[in-house]
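Q: As given, the protein sequences belong to chains A and B, one line each in that order.
So for the first sequence, our numbering puts the first residue at 1; every next one is plus one.
So for the second sequence, our numbering puts the first residue at 1; every next one is plus one.
Protein chains: 2
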Amino acid sequence: MVGAGQLAQMTCQAAIGLGIGFRVLAASAADSAAQVCADVQVGDYTSRDDLLAFASGCDVVTFDHEHVPGQHLAALAEAVPVRPGAAALRYTQDKLAMRERLAGLGVPCPRYAPVADLAGVTAFAAQAGWPVVLKAISGGYDGRGVWVCGTPDEAAEVLAHPVAVIAEEHIDFDRELAVLAARSPHGQAAVYPVVQTVQRDGICHEVLAPAPLLRERRAYEAQRLVLGLAAELDVTGLLAVELFETRRGLLVNELAMRPHNSGHWTIEGAVTSQFEQHLRAVLDLPLGTPAAVVPQVVMANVFGGPDPDVYSRYLHVMAADPGLKIHLYGKQVRPGRKIGHVTVLGYPGLIDQLRERAGRAARYLATGED
Amino acid sequence: MVGAGQLAQMTCQAAIGLGIGFRVLAASAADSAAQVCADVQVGDYTSRDDLLAFASGCDVVTFDHEHVPGQHLAALAEAVPVRPGAAALRYTQDKLAMRERLAGLGVPCPRYAPVADLAGVTAFAAQAGWPVVLKAISGGYDGRGVWVCGTPDEAAEVLAHPVAVIAEEHIDFDRELAVLAARSPHGQAAVYPVVQTVQRDGICHEVLAPAPLLRERRAYEAQRLVLGLAAELDVTGLLAVELFETRRGLLVNELAMRPHNSGHWTIEGAVTSQFEQHLRAVLDLPLGTPAAVVPQVVMANVFGGPDPDVYSRYLHVMAADPGLKIHLYGKQVRPGRKIGHVTVLGYPGLIDQLRERAGRAARYLATGED
Numbered sequence: 001m002v003g004a005g006q007l008a009q010m011t012c013q014a015a016i017g018l019g020i021g022f023r024v025l026a027a028s029a030a031d032s033a034a035q036v037c038a039d040v041q042v043g044d045y046t047s048r049d050d051l052l053a054f055a056s057g058c059d060v061v062t063f064d065h066e067h068v069p070g071q072h073l074a075a076l077a078e079a080v081p082v083r084p085g086a087a088a089l090r091y092t093q094d095k096l097a098m099r100e101r102l103a104g105l106g107v108p109c110p111r112y113a114p115v116a117d118l119a120g121v122t123a124f125a126a127q128a129g130w131p132v133v134l135k136a137i138s139g140g141y142d143g144r145g146v147w148v149c150g151t152p153d154e155a156a157e158v159l160a161h162p163v164a165v166i167a168e169e170h171i172d173f174d175r176e177l178a179v180l181a182a183r184s185p186h187g188q189a190a191v192y193p194v195v196q197t198v199q200r201d202g203i204c205h206e207v208l209a210p211a212p213l214l215r216e217r218r219a220y221e222a223q224r225l226v227l228g229l230a231a232e233l234d235v236t237g238l239l240a241v242e243l244f245e246t247r248r249g250l251l252v253n254e255l256a257m258r259p260h261n262s263g264h265w266t267i268e269g270a271v272t273s274q275f276e277q278h279l280r281a282v283l284d285l286p287l288g289t290p291a292a293v294v295p296q297v298v299m300a301n302v303f304g305g306p307d308p309d310v311y312s313r314y315l316h317v318m319a320a321d322p323g324l325k326i327h328l329y330g331k332q333v334r335p336g337r338k339i340g341h342v343t344v345l346g347y348p349g350l351i352d353q354l355r356e357r358a359g360r361a362a363r364y365l366a367t368g369e370d
Numbered sequence: 001m002v003g004a005g006q007l008a009q010m011t012c013q014a015a016i017g018l019g020i021g022f023r024v025l026a027a028s029a030a031d032s033a034a035q036v037c038a039d040v041q042v043g044d045y046t047s048r049d050d051l052l053a054f055a056s057g058c059d060v061v062t063f064d065h066e067h068v069p070g071q072h073l074a075a076l077a078e079a080v081p082v083r084p085g086a087a088a089l090r091y092t093q094d095k096l097a098m099r100e101r102l103a104g105l106g107v108p109c110p111r112y113a114p115v116a117d118l119a120g121v122t123a124f125a126a127q128a129g130w131p132v133v134l135k136a137i138s139g140g141y142d143g144r145g146v147w148v149c150g151t152p153d154e155a156a157e158v159l160a161h162p163v164a165v166i167a168e169e170h171i172d173f174d175r176e177l178a179v180l181a182a183r184s185p186h187g188q189a190a191v192y193p194v195v196q197t198v199q200r201d202g203i204c205h206e207v208l209a210p211a212p213l214l215r216e217r218r219a220y221e222a223q224r225l226v227l228g229l230a231a232e233l234d235v236t237g238l239l240a241v242e243l244f245e246t247r248r249g250l251l252v253n254e255l256a257m258r259p260h261n262s263g264h265w266t267i268e269g270a271v272t273s274q275f276e277q278h279l280r281a282v283l284d285l286p287l288g289t290p291a292a293v294v295p296q297v298v299m300a301n302v303f304g305g306p307d308p309d310v311y312s313r314y315l316h317v318m319a320a321d322p323g324l325k326i327h328l329y330g331k332q333v334r335p336g337r338k339i340g341h342v343t344v345l346g347y348p349g350l351i352d353q354l355r356e357r358a359g360r361a362a363r364y365l366a367t368g369e370d
């Protein structure tokens, strides 16, 4: 796996369970996965040589992020199966290509337009209205590279950065949903229950699995959309799709082709975790059951706060709520940095308590405030 | 953790989840845990120097087996906290000391006697009847070091080995149960649901969690017995107690103070796995909830068969039953060797199907026979 963040770290645990040899390409020995993995190579994922040296001896190469340059993916693919492949990964690396492809498939999306300058933005806003969402065409994640602009002045400020952007309609959604599916090279696919994600400032804070009170027909529609996309885009491995639920139906917001924050609940909450499923898919092993094992799961992300000593607070949280599953990624604590997550299992009727338990633990770990 | 077999391997996964640094002392780089752990030292657990070198830099030392010599445990304990401590571990290393201590505590056990020769065995059998069970006082596990002798001739054959033994009454039990508890240095304790173990030739083949149709009062009695023992013996970490359920009540068969085969079901089946719980206990972290997450779990061990190529059969099992959790330990396959286990989650009403699914997968992995 190229990349050694928390996604690779959790994939490492799954690889141990499956009895699969697992190597990571880490930027540094301090990376989350590099701390725990038995087979670590330190190197630069933007270096063709480092990538090829890393891949030597691997049966399959996969990724914990989407930032490997396309031309290197092509070079890698000559040496070893690369899953997902460059043609699929492109739609996670280039938001304009993604929007154009989805539009071509007739998949409902927010209105969008490539924009080169402020005139382009204001022309787009004349149709779609203000605010306008500007998104970096490549390189953004977790709210980075996304700007909600309420006025032409704000848009001009974004356009002053040397970053290619597209404009997207600002969606007044009811809530955000996410769907995770896995697809293997010979075409087997499995889709997880639809979850609700709760975002703040474009960053996922909470996942409710399954999405509360989601109509069965809507859930089916979302799952079918994602299974269809996985096949159309020839995804191998996981495909995570972030959706807006709106009065005019579901709209696709973002795609990722790797384990995804919206799927962390599957570690304890599903028969097959997303990390195990990704490995099974990219290795072309038969996929596992994606069903939930309990009727309701809540996951809350833990972010770094002003005080870096998260580990002394860890003890208090363990003592206060012995039913929580706390995952810390071994990252250096910086304010706002995603350093772990908390999962709690229960029943839909208890969802308010589950959210309170997970949220309180995440908050206390970050800030020491109850 | 001293020892790098499958117990250490699964503890390694739990350590990653908890964000805890984890080092193993392996006999060889091919050991199950040595293959997957980021911090491996190869050495000899019977060497005082190797043990001390290994422990240097560790906050706590614990074990995946009970074979470290007592005098080395004492030397280790001068350098670093050793959990469980030598005084507790002694009762897993010396079956005579264990029986005497349990008798002193009034814990119900099979009748037993130290025996030095055939005259001792026949004198014991005159009271307890034939067959007599001879057990090596130290070094036995998984049916090794246990001989069921139907006649004085069979006993004489065992006594011809240069092994110190005790005689135990052969128990005509209804079934075998096991209880797992964790206890931390400051005395917090947590006990798992009582399970039924199904043994063949003294080796555990199957675990049913919880034990089907166990009366609540009996379950409570078993759990209270084990929590009491953990406190009396000053166990830190896990205590696993194997019990006979008989017409005259519960009798203690064996003790272990480490993660135990009867607790593998907790990886998917309990809020806190036994491996995570052992780490929390020996590190004096608050313990996690030991409750089951689903109403019935079945675990079946996978043993090596005549054909070592278990990995090609692995694919078929994954394809045939995508709801199974298959764990392979990365061991070289030898006939009869425990090389993995299979867990399946469900409901008590489905127990026959759950046993069939887990058992069939384990059998097929071993033999290729359906």
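Glycine included, every Cβ here is placed at the ideal spot set by N, Cα and C.
#1: Could you give the distance in angstroms between the alpha-carbon of T372 of chain B and the alpha-carbon of Q274 of chain B?
#2: Could you compute how far the alpha carbon of H170 of chain B sits from the alpha carbon of C149 of chain B?
#3: Could you check whether the Cβ of A26 of chain A sits closer than 8 Å to any Cβ belonging to chain B?
#4: Hey, is the region 31-39 of chain A in contact with the region 1-9 of chain A, meaning 3+ C-beta pairs nearer than 8 Å?
#5: Can you name the start and end residues of the beta strand (DSSP E) that F244 of chain A belongs to?
#6: Spell out whether any CB of chain B is found under 8 Å from the CB atom of Q71 of chain A.
#7: If the cut is a Cβ gap below 7 Å, which residues of chain A does T289 of chain B touch?
#8: For G288 of chain B, which residues does DSSP report across the bridge?
#9: Bridge partners for P114 of chain A per DSSP, in chain order?
#10: Whole angstroms are fine: how far does the CA of P308 of chain A sit from the CA of R334 of chain A?
#11: Could you tell me whether the region 294-306 of chain B touches the region 329-345 of chain B, using the rule of 3 or more Cβ pairs below 8 Å?
#12: If the cut is a Cβ gap below 8 Å, which residues of chain B does Q384 of chain A touch?
#13: Could you tell me whether the Cβ of V207 of chain A comes closer than 8 Å to any Cβ of chain B?
#14: At a CB-CB cut-off below 8 Å, which residues of chain B make contact with C37 of chain A?
#15: For R337 of chain B, which residues of its own chain have a beta-carbon under 6 Å away from its beta-carbon, when the five flanking residues on both sides are left out?
#16: Among the residues of its own chain, which have a CB less than 6 Å from the CB of L227 of chain A, if the five just before and after it don't count?
#17: Could you check whether the Cβ of Q223 of chain A sits closer than 8 Å to any Cβ belonging to chain B?
#18: Sort out for me which residues DSSP pairs C204 of chain A with in a bridge.
#19: For M318 of chain B, would you say it is in contact with chain A, using Cβ-to-Cβ distances shorter than 8 Å as the test?
#20: Give me the chain B residues within the contact set of L328 of chain A, using Cβ-Cβ distance strictly less than 7 Å, ordered along the chain.
#21: Taking just the CA atoms, how far does G3 of chain B sit from V252 of chain B?
#22: Given R444 of chain B, which residues of its chain have a CB within under 6 Å of its CB, disregarding the five upstream and five downstream residues?
#23: For T222 of chain A, which residues from the same chain have a beta carbon less than 7 Å from its beta carbon, with the 5 sequence-adjacent residues on both sides left out?
#24: Bridge partners of V146 of chain A, per DSSP?
#25: Between the region 148-168 of chain B and the region 230-249 of chain B, are three or more C-beta pairs nearer than 8 Å?
#26: Give the DSSP bridge partners of R175 of chain A, in chain order.
#27: If you drop the 5 nearest sequence neighbours on each side, which residues of the same chain put their C-beta closer than 7 Å to that of I137 of chain A?
#28: Counting only beta-carbon separations shorter than 8 Å, does V68 of chain A have a partner in chain B?
#29: Whether or not the region 262-274 of chain A and the region 194-210 of chain A are in contact is what I'm after, with contact meaning three or more pairs of Cβ atoms, one per stretch, closer than 8 Å; do they touch?
#30: Using beta carbons (cut-off 8 Å, strictly below), is C12 of chain A in contact with chain B?
#31: Between which two residues does the alpha helix (DSSP H) carrying R224 of chain B extend?
#32: Q296 of chain A lies in the beta strand (DSSP E); which residues open and close that run?
#33: Closer than 8 Å by beta-carbon distance: list the chain B residues that pair up with V342 of chain A, in chain order.
#34: What residue range is occupied by the uninterrupted alpha helix (DSSP H) comprising L324 of chain B?
A: Straight from the coordinates:
#1: Nothing can be reported for residue 372 of chain B, as the shown portion of chain B is limited to 1 through 370.
#2: Here residue 170 of chain B refers to the residue found at position 170 when the second sequence is read from its first residue. Here residue 149 of chain B refers to the residue found at position 149 when the second sequence is read from its first residue. H170 of chain B and C149 of chain B: Cα-Cα distance of roughly 9 Å.
#3: Here residue 26 of chain A corresponds to residue number 26 of the first sequence, with the count starting at 1. By this cut-off, A26 of chain A is not an interface position.
#4: yes
#5: Here the question's residue 244 of chain A lines up with position 244 in the first sequence. Note, F244 of chain A: beta strand (DSSP E), G237 to T246.
#6: Within the first sequence, residue 71 of chain A is the residue found at index 71, counting from 1. No, its Cβ sits nowhere closer than 8 Å to a Cβ of chain B.
#7: As a first step, residue 289 of chain B must be located in the second sequence, where it is residue number 289. Simply P322 and G323.
#8: By 1-based counting over the second sequence, the position of residue 288 of chain B is 288. Answer is none; G288 of chain B lacks a bridge partner.
#9: The residue labelled residue 114 of chain A in the question sits at position 114 within the first sequence. A:I166, per the DSSP bridge assignment.
#10: By one-based count along the first sequence, residue 334 of chain A stands at place 334. By one-based count along the first sequence, residue 308 of chain A stands at place 308. For R334 of chain A and P308 of chain A, the distance between alpha carbons rounds to 7 Å.
#11: Judged by Cβ distances under 8 Å, the region 294-306 of chain B makes contact with the region 329-345 of chain B, as three or more pairs qualify.
#12: Since the first residue shown for chain A is 1 and the last is 370, residue 384 of chain A is missing from the structure and cannot be characterised.
#13: Counting from 1 along the first sequence, the entry for residue 207 of chain A is found at position 207. No, V207 of chain A does not count as interfacial toward chain B.
#14: On the first sequence, residue 37 of chain A is found 37 positions in, with the first residue counted as 1. A38, listed in chain order.
#15: Residue numbering aside, residue 337 of chain B sits at position 337 when the second sequence is read from its first letter. The answer, listed in chain order, is G304.
#16: Position 227 of the first sequence, counted from the start, is the residue given in the question as residue 227 of chain A. Within the same chain, L227 of chain A has close Cβ partners A181, A189 and V191.
#17: Along the first sequence, one-based indexing puts residue 223 of chain A at 223. Not one chain B Cβ lies under 8 Å of Q223 of chain A.
#18: Along the first sequence, read from residue 1 onward, the residue named residue 204 of chain A stands at position 204. Its beta-bridge partners are A:Q199.
#19: For the purposes of this step, residue 318 of chain B is identified with residue 318 of the second sequence, where counting begins at 1. Yes, M318 of chain B counts as interfacial toward chain A.
#20: Residue mapping note: residue 328 of chain A aligns to position 328 of the first sequence, counting from 1. Within 7 Å Cβ-Cβ: G19.
#21: Here residue 252 of chain B is taken as the residue at index 252 of the second sequence, counted from 1. Here residue 3 of chain B is taken as the residue at index 3 of the second sequence, counted from 1. Cα-Cα distance, rounded: 26 Å.
#22: Outside the displayed range of chain B (1 to 370) lies residue 444 of chain B, so it cannot be described from this structure.
#23: If you number the first sequence from 1, residue 222 of chain A lands on position 222. As written in the sequence, residue 222 of chain A is Ala, which differs from the Thr given in the question. Here the set comprises L177, V179, V194, L243 and L250.
#24: As a working mapping, residue 146 of chain A is identified with position 146 in the first sequence. A:K135.
#25: no
#26: As a first step, residue 175 of chain A is located in the first sequence; it is residue number 175 there, counting from the start. Its beta-bridge partners are A:E245.
#27: Residue 137 of chain A sits at position 137 when you count from the first residue of the first sequence. The residues are D94, K95, L96, A164, V165 and I166.
#28: As a working mapping, residue 68 of chain A is identified with position 68 in the first sequence. At a cut-off of 8 Å between beta carbons, V68 of chain A makes no contact with chain B.
#29: yes
#30: Within the first sequence, the letter at position 12 stands for residue 12 of chain A. Closer than 8 Å to some Cβ of chain B, the Cβ of C12 of chain A qualifies, so yes.
#31: Indexing the second sequence from 1 puts residue 224 of chain B at position 224. Going by DSSP, R224 of chain B is part of the alpha helix (DSSP H) stretching over E216 to E232.
#32: Along the first sequence, one-based indexing puts residue 296 of chain A at 296. Q296 to F303 is the span of the beta strand (DSSP E), which, as asked, contains Q296 of chain A.
#33: Counting from 1 along the first sequence, the entry for residue 342 of chain A is found at position 342. In chain order: nothing, as chain B lies at least about 12 Å away.
#34: Walking along the second sequence from the start, residue 324 of chain B turns up at place 324. Where L324 of chain B is concerned, there is no enclosing alpha helix (DSSP H), given that its DSSP letter is neither H nor E.
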